[in-house]
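Step one of this worksheet: look at the structure below.
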């Protein structure tokens with residue numbers, strides 16, 4: 007099973023905020039191997055290739071999932087999340103898999119999950135790892 011990863015770039019998020027898309031932009035992709043090491047290599051490749059013109063991509067989450075291809079994964083996630091059209095924004099340079107995440111949905115997901123587990127149902131301060139976990143959970 008290949009490793010599915012979620013990555014973010016602080017510079018990309020700043021750009022998204024500046025142009026009015028959202029500051030919560032995340033890249034979802036499939037690594038060539040399995041495990042977190044393969045996902046880290048994929049994020050290093052994003053930085054080396056300067057995907058979307060950014061070289062500060064960081065790993066927000068990873069999970070080994072059975073997927074046919076990266077295109078199939080992106081199509082499946084696009085049914086559940088809002089994907090940014092790479093043809094509409096020249097800055098994205100045709101890169102697929104950039105998703106605009108609604109943080110209210112993430113907060114609700116975490117509160118409901120915590121409530122079901124019997125934990126405090128307080129709205130947490132979100133971190134990139136929380137959003138990465140949310141995106142990966144929406145694939146399962």
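In the working numbering, the protein residues as written are 7 to 146. Quick reminder that beta carbons are idealized off the backbone N, C-alpha and C, glycines included. These numbers were taken from a predicted model, which means no experiment stands behind them.
Span of the beta strand (DSSP E) around residue i
i           : result
residue 31  : 31-36
residue 5   : Limits of the chain in this structure are 7 at one end and 146 at the other, which puts residue 5 out of reach.
residue 106 : 104-106
Three-state secondary structure (DSSP) of residue i
i           : result
residue 70  : strand
residue 83  : helix
residue 145 : coil
residue 65  : strand
Residue i and residue j closer than 8 angstroms at C-beta
i           : j          : result
residue 105 : residue 11 : no
residue 45  : residue 71 : no
Endpoints, the alpha helix (DSSP H) within which residue i is located
i           : result
residue 46  : 41-55
residue 126 : Residue 126 -> no alpha helix (DSSP H), and no H or E assigned at all.
Cutoff 7 angstroms; reference residue i; Cβ partners in own chain excluding five residues on either side
i           : result
residue 16  : 62
residue 101 : 57, 58 and 92
residue 18  : 31, 58 and 60
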